[in-house]
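Okay, structure first, notes after.
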Amino acid sequence: MKKIFAKLKKAGLKTATFIGNLLPSIIIGMMLTLMIFTFGNLQSLNIGYGKLLDILIFITLFIVVFLASFYLSKLILYILRKLPFKTRHFAFLGVIYGFISVIDANSTIINYVLLIGSVFALLFYFITKKGIHKYIKYTLFLGTVTLFVFLIFQLRSDGKDNYTKYKEGFYTNLTLKNTETPAKEGTNKYKQLTYASKKDRHRNEFAENATLKSDSVDLSHFLKLKGFNNTVRKTFWGHDLKEAPLNGRVWYPETNDKSPIVLIVHGNHSMHDFSDIGYDYLGELLASKGNIVVSVDENFLNGASMFHDFRQNENLSRGIILLEHLKQWRKWNSDEAHIFFNKVDLNNIVLVGHSRGGEAVGIAAEMNKLNKYHKDGNVDLDYNFNIKGIVQIAPTDFHDLVKGQDLVIKDMNYLLIHSLFDSDVSTPVGNRIYNRLRISDSTNYFKSVISSYRSNHGQFNTSWGSYDSGFPRNLTLNVKPLLPEEQQREIAKVYISAFVETVTEKSNTYKNLFKDFRYGLDWLPKDYYTSQYEDANVENIVDYEDDMDILNSERATLFGENLVTWKENAQTMRNSGKSSYDNRVVTLKWDKKDTINTKGLAKYDINWEPKNDSLSNSSLSFYMANIGKTKADSLDFTIQLRYKDSTSKEISIKDIGHINPHLELNLYKWEFLNDFDRFSSKKEYLLQRYVIDPKFSGNANDLTGMSFIFDKAEKGTIILDKISLIND
């Protein structure tokens, strides 16, 4: 035993000596790598003093970082040499622990600094160490160079084609007959102009070339900014938040009639790469269909590579700016001397927002209803516009108007568009906004979600493009699976155009598109989709939100038999923290080889009292997702419908809709990043709405219950939600 311990001690000392000698090299490598990343970020520096002065500032800052890295390295090495032998190794263990911690915390740049710095260190250590044969050194050097060439090739590539391929004809086509795609250009001729507070230093169209002069707005009540950040921003833009501009790009139809107005607002991006230019394709399309369209400039609220953004604290201000733009249009509309006098239909307003702009339109919709700012009663709001609908494209969901309370939108036509291959808002948090939105009885409002598989975050904006992150994280993104940019934007054109036409009451032609995406299959790119829908005609029988009683709900009794899993729980996302969708579901798992009672089939029963005020065209709907390992092709089960005359009918789930395959989400080029970066799974399980229409169900108001009978697939796991009557 003593010999074993002696050998272990000797091996440990050798390892410790190697680590102790290697540690200074690791630190030097990390400092060099840090300088490289600093150079990469500083090269886009644009403070606003002019190119020559910006270059001088860039050089000065780089020299400062270089000298700081050099002397910091010397200081750390000096301290390490003064440390006792064993203490050095504890320091090294600290570095390893830090490396693991930052992976878990998703500090991407620090990860790269540690990883690449360590590789540099290994190369430096072996090349400079005495006693190692020169051929070994040459081999190590060439091997490292080859490795870095390979790494550079990988970083410059688009990634891998590793996604779930679409099967032609997978969906049953429900195309609207004799109806053209809403993405087709309309018949109205239109013109373009810009308006501005005429203070922009970088864009003439928002300065001397602006056609119209707009007011400026004091945002200091809603967002505080001071210090270096405020100074640099004021230098770049020529104004601070007390004089926030109202800048907009306008497309307007040549008509004497009043036109609905649509405001489109971008989200957070580098403020030097102006985002408001990215929605021309929507402006042109909607203007050709008789709408006034404004792409709102909120770049002054965006972040930059040189200094941080507002960490979502500015989202309230983003919403206020939208309302102030509407206020400006109301002023112009009532000015007899103005070109837009009596040209704006302020009873038909639609707000469209992307990313943080998506969250902003929701904030604007609720702030619009207030007469006073709820955090300062001395600030008047008093907007009260007739906003008919809002569209959120891949929105964020961070801002709480009241601390600790999530934003709840009430009585609003609502459309959510989101993408699964989104590497920015990489979990569909917009679904939380959809789930919280409340529609009152006896209203005409509706809410709808359309999710596309191979769309990303940025391609909805023509200036953002395929990469959803900046340097250096953009080098790791897998963009090869993405839909071509034009195809992705076709999704936005189809849905947003149809939404505007529907909520401004020009036509009800496209209403079914929001109920089921299959009505638009002829217009949409070939991809996998999911959709959800609800309006005041949808009456929930069970939604699993009321309590923890799994046997009863407010309107129904519930019972599961022979199920491996039967529980009500929060629907969670695939991120590592398993964030909630702000929604509860029932989880049902069955396995014919592992049931509690092998003599009977697994099933889930729902029973309720029938309605007396029967409508002949009523139908039944529910939401479902396949979350188990059983493939969609193999997943099938029976739905039994029971009626008040004691009769019953049975149909298959595949009679009424499709079950999407499990959609692989490899957002990064390398597996270890897909495994480690924020996610607990490569799959996001989205609920799909299924409707059992009268041709299957008869009059759904005569129903007294239904059962999900798991009699076909050997095993499976699903989640169910919102079993409802539809009283159209």
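Everything in the sequence shown is counted per the numbering used here, starting at 47 for the first residue and increasing by one.
The beta carbon of each residue, even a glycine, is placed where N, CA and C say it ideally should be.
Bear in mind the structure is a predicted one, so any value in this text is a computation, not a measurement.
Counted within 10 angstroms of its Cβ, other Cβ atoms place residue i as buried (16 or more) or exposed
i           : result
residue 616 : exposed
residue 315 : buried
residue 494 : buried
residue 586 : buried
residue 274 : exposed
residue 463 : buried
residue 677 : exposed
residue 121 : exposed
residue 383 : exposed
residue 150 : Confidence in residue 150 is poor, its pLDDT being 43 and thus under 50, which makes the residue's placement unreliable; the coordinate value appears in the next sentence. Burial call: exposed.
residue 146 : Residue confidence is low: residue 146 scores 47 on pLDDT, short of 50, so the model does not pin down where it sits. Its coordinate-derived value is still stated next. It counts as exposed.
residue 184 : exposed
residue 425 : exposed
residue 361 : buried
residue 413 : buried
residue 409 : buried
residue 594 : exposed
residue 57  : Its pLDDT being 49, under 50, residue 57 is placed unreliably by the model, and the measurement read from it follows with that caveat. By the 10 Å Cβ count, residue 57 comes out exposed.
residue 177 : exposed
residue 198 : exposed
residue 765 : buried
residue 301 : exposed
residue 385 : exposed
residue 720 : buried
Residue i: first and last residue of the uninterrupted beta strand (DSSP E) it sits in
i           : result
residue 679 : Taken as a continuous stretch (DSSP letters only), residue 679 belongs to no beta strand (DSSP E), as it is neither H nor E.
residue 484 : Where residue 484 is concerned, there is no enclosing beta strand (DSSP E), given that its DSSP letter is neither H nor E.
residue 653 : 648-654
residue 193 : That residue, residue 193, is in no beta strand (DSSP E); its alpha helix (DSSP H) goes 180-202.
residue 577 : 575-581
Member of the options whose CA lies at the smallest distance from the CA of residue i
i           : options               : result
residue 411 : 565, 456 and 737      : 456
residue 668 : 571, 772 and 598      : 772
residue 533 : 250, 508, 209 and 582 : 508
residue 515 : 469, 480 and 559      : 469
residue 230 : 347, 327 and 467      : 327
residue 768 : 373, 742, 632 and 730 : 632
residue 671 : 763, 594 and 620      : 763
residue 249 : 321, 408, 612 and 749 : 321
residue 460 : 191, 436, 729 and 703 : 436
residue 554 : 492, 291 and 512      : 492
residue 375 : 107, 446, 664 and 296 : 296
residue 664 : 748, 628 and 102      : 748
residue 286 : 345, 302 and 313      : 345
residue 774 : 653, 636 and 558      : 558
residue 335 : 364, 261 and 237      : 237
residue 688 : 704, 652 and 113      : 652
residue 551 : 482, 433 and 466      : 433
residue 235 : 244, 306, 755 and 337 : 337
For residue i: DSSP bridge partner residues
i           : result
residue 634 : 612 and 764
residue 507 : Partner(s): none; residue 507 has no beta bridge.
residue 291 : 262
residue 670 : 734 and 766
residue 689 : 749
residue 588 : 769
residue 606 : 650
residue 419 : 422
residue 238 : 297
residue 391 : 306
residue 399 : 311 and 438
residue 684 : 698 and 755
Boundaries of the alpha helix (DSSP H) in which residue i is found, first to last residue
i           : result
residue 536 : 531-549
residue 424 : Residue 424 -> not in any alpha helix (DSSP H); beta strand (DSSP E) instead, spanning 422-426.
residue 492 : No alpha helix (DSSP H) contains residue 492, which is instead part of the beta strand (DSSP E) from 492-498.
residue 253 : Note, residue 253: premise wrong, no alpha helix (DSSP H); not H, not E.
residue 274 : 273-283
residue 402 : 402-413
residue 232 : Run containing residue 232: none; DSSP gives neither H nor E here.
residue 247 : No alpha helix (DSSP H) contains residue 247, which DSSP labels as neither H nor E.
residue 525 : Per DSSP, residue 525 belongs to no alpha helix (DSSP H) and is neither H nor E.
residue 558 : 557-561
Min CB distance residue i to chain C below 9 Å
i           : result
residue 234 : Although the question refers to chain C, the structure presented lacks it and comprises just one protein chain.
- Please go through the region 694-769 and give each complete beta strand (DSSP E) segment of 3 or more residues, from N-terminal end onward. You should have 694-698, 734-738 and 749-756.
- Just list the beta strand (DSSP E) runs in the region 296-382, keeping only unbroken ones of 3 residues or longer that don't cross its boundaries, in chain order. Note on the region 296-382: whole beta strand (DSSP E) runs with a minimum of 3 residues are 305-311 and 338-343, in chain order.
- Could you give the uninterrupted runs of the alpha helix (DSSP H) lying entirely in the region 422-464, keeping only those of 4 residues or more? As far as the region 422-464 is concerned, it has no whole alpha helix (DSSP H) run of at least 4 residues.
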